[in-house]
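Trainee: Sharing a structure with you now.
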Amino acid sequence: MGSVVSFLHKKRDAAVMSKTIEEKKNVVIVGGGHAGSLLARSLSRTLDSSKYRVILINERPYAIHFLAAARMTVTDEGHIEDGALIPYDKLFINGNGTLKVDKVTAIEETEPGQGGVVVLQSGERISYAALALASGSSWSGPLDFPTTDSEIREHIKEWRLKYGNAKHIVLIGGGAVGIETAGELRDTFADKKITIIQSDKMLLNATYPAKYRKDLEKRVRARKINLVLGEYLDSMPELDTIGITTRSGTTIPDADLVVPTFGPRLNVAYIKTLGSDVLNERSQVKVKPTFETVAHPGVFALGDITDWKEQKQALKGPAHVAVVAPNITSFLAGEPQKKIYKGTPEAIVVPIGKGHGSSYFPYFWGLMFGDYFTSWLKGGDLFIKKTRAERGL
1156 MGSVVSFLHK
1166 KRDAAVMSKT
1176 IEEKKNVVIV
1186 GGGHAGSLLA
1196 RSLSRTLDSS
1206 KYRVILINER
1216 PYAIHFLAAA
1226 RMTVTDEGHI
1236 EDGALIPYDK
1246 LFINGNGTLK
1256 VDKVTAIEET
1266 EPGQGGVVVL
1276 QSGERISYAA
1286 LALASGSSWS
1296 GPLDFPTTDS
1306 EIREHIKEWR
1316 LKYGNAKHIV
1326 LIGGGAVGIE
1336 TAGELRDTFA
1346 DKKITIIQSD
1356 KMLLNATYPA
1366 KYRKDLEKRV
1376 RARKINLVLG
1386 EYLDSMPELD
1396 TIGITTRSGT
1406 TIPDADLVVP
1416 TFGPRLNVAY
1426 IKTLGSDVLN
1436 ERSQVKVKPT
1446 FETVAHPGVF
1456 ALGDITDWKE
1466 QKQALKGPAH
1476 VAVVAPNITS
1486 FLAGEPQKKI
1496 YKGTPEAIVV
1506 PIGKGHGSSY
1516 FPYFWGLMFG
1526 DYFTSWLKGG
1536 DLFIKKTRAE
1546 RGL
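Under our numbering, the first residue of the sequence shown is numbered 1156, with each subsequent residue one higher.
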């Protein structure tokens, strides 16, 4: 008789456990970059693991620290990839989360505010009670990383070889990526010709004051980096082409490696499947100040893909997460979302190699700092230690 009772108890316990697992709701995060990985860690800390399952979906098996990508693709000195390729091993607090290495191809909403399903490239379908979109941007050229570990490492080696073999490297785009790449190239190759072509008549863009942009230009030129300002290259030349001509007819006859360092493309193709009302005319996700998407309760967006009017920078990720994480918790509890995003000061730190650079902070009259401060703050390790620590490493 005792064995029968014991058997029945075990059956009951198994049934209760099975029911508990089935009733767990998924909180799905699409994109494990700077913002997405921080959100996953935050939610793994705060959500009740007996009720919710945090699922992070990312195309790559680890995060790429893009602030270090220029240096990583230029030189093998210090083997920077060992720190800049950031595993998710310790991302989830107390193991309260799951990584799914796959690509989201579609979102199927049940009803606004009632959850839905994300469809993966593999064919798998994952239900969600709340959904966060943090799929970020894709770059061209050296920062256009593949998705598998072996391909990523081969990509890094190939670009190091390309830079090493070139005699005159021309970077198309004078934003932070172009300037930082030029600086890394000058650190590694003292005598190579390096040129930046920029469509504006000054480096960066009008978010930053002319005084700062001129200071940055002076510092770039001091590193023997040529600048062609107010010019356009209408199309990228084919590989092994020697010489280029800009729209106005300016020629650089010995250019033998032309590198795109202009702005990225937003990773939003899958988001279009949520409805025609999700994206604006610039393919950005329309969000409220809570970072909840317009017309789709329970679906949030953060990072580069939002239509919030600010410069898209990885270091704004923590400020976005500080709003999204508690608002997801409030949504799941059926409570009002109280966290509101009010923007982040438009500061910028631009290394021009390890020991050079210029920084701007929009406080008081506008604070500007040069080589020493920029190298101390970012140029030395490019925030690698800080970024890894924030992800439990």
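By construction, the Cβ of each residue, glycine as well, lies at the ideal position given by its N, Cα and C atoms. Predicted, not measured: the structure shown is a model, and the values here were computed from it.
Does the distance between the C-beta of F1519 and the nearest non-hydrogen atom of the ligand SAM fall short of 6 Å?
Mentor: For the structure depicted, the ligand SAM is absent and the ligand set is empty, with no information on it obtainable.
Trainee: Please work out which residues of its chain come closer than 6 Å, Cβ to Cβ, to A1224, disregarding the five sequence neighbours upstream and downstream, and give them in chain order.
Mentor: Result list for A1224: L1298, in chain order.
Trainee: Where D1168 and S1205 are concerned, what is the direct C-alpha to C-alpha distance, given to the nearest angstrom?
Mentor: For D1168, the pLDDT reaches just 40, beneath the cut-off of 50, and the residue's location in the model is therefore unreliable, although a value from the coordinates is still provided. Answer to the nearest angstrom: the Cα atoms are 16 Å apart.
Trainee: With DSSP as the reference, please indicate the residues paired to R1437 in a beta bridge.
Mentor: Paired residue(s): none; R1437 is not in a bridge.
Trainee: Would E1178 pass as an interface residue toward chain D - the criterion being a Cβ-Cβ separation below 7 Å?
Mentor: You won't find chain D in this structure, because it holds only one protein chain.
Trainee: State buried or exposed for Y1527, treating a residue as buried only when at least 16 other CB atoms are found within 10 Å of its CB.
Mentor: Exposed, since its Cβ has fewer than 16 Cβ neighbours within 10 Å.
Trainee: For S1192, is the classification buried or exposed, using 16 other Cβ atoms within 10 angstroms of its Cβ as the cut-off for buried?
Mentor: So S1192 counts as buried.
Trainee: Just list the residues that DSSP pairs G1271 with in beta bridges.
Mentor: Answer is E1264 and Y1283.
Trainee: What's the call for H1234, buried or exposed, on a 16-neighbour Cβ count within 10 Å?
Mentor: Flag for H1234 reads exposed.
Trainee: Take the Cβ of S1514 as the centre, count every other Cβ of all protein chains shown within 10 Å, and call the residue buried at 16 or more, exposed below.
Mentor: It counts as buried.
Trainee: Nearest CA to the CA of A1289: which residue from P1517, W1520 and F1446?
Mentor: For A1289, the nearest C-alpha among the options comes from F1446.
Trainee: For V1414 and T1448, I'd like the C-alpha separation in whole angstroms.
Mentor: Cα-Cα distance, rounded: 35 Å.
Trainee: Tell me the DSSP bridge mates of L1211?
Mentor: Looking at the DSSP assignment, L1211 forms a beta bridge with I1184 and L1254.
Trainee: Tell me the DSSP secondary structure of M1523 in three-state form.
Mentor: In the structure shown, M1523 sits in a strand (DSSP, three-state: E or B).
Trainee: Over the uninterrupted alpha helix (DSSP H) stretch that includes I1483, give me the two end residues.
Mentor: That run of the alpha helix (DSSP H) goes G1472 to L1487.
Trainee: Closest to A1469 by CA distance: which of T1529, K1255 and V1504 is it?
Mentor: Ranking T1529, K1255 and V1504 by Cα distance to A1469 puts V1504 first.
Trainee: Are there 16 or more other CB atoms within 10 angstroms of the CB of Y1518, so buried, or fewer, so exposed?
Mentor: With fewer than 16 other Cβ atoms within 10 Å, it is exposed.
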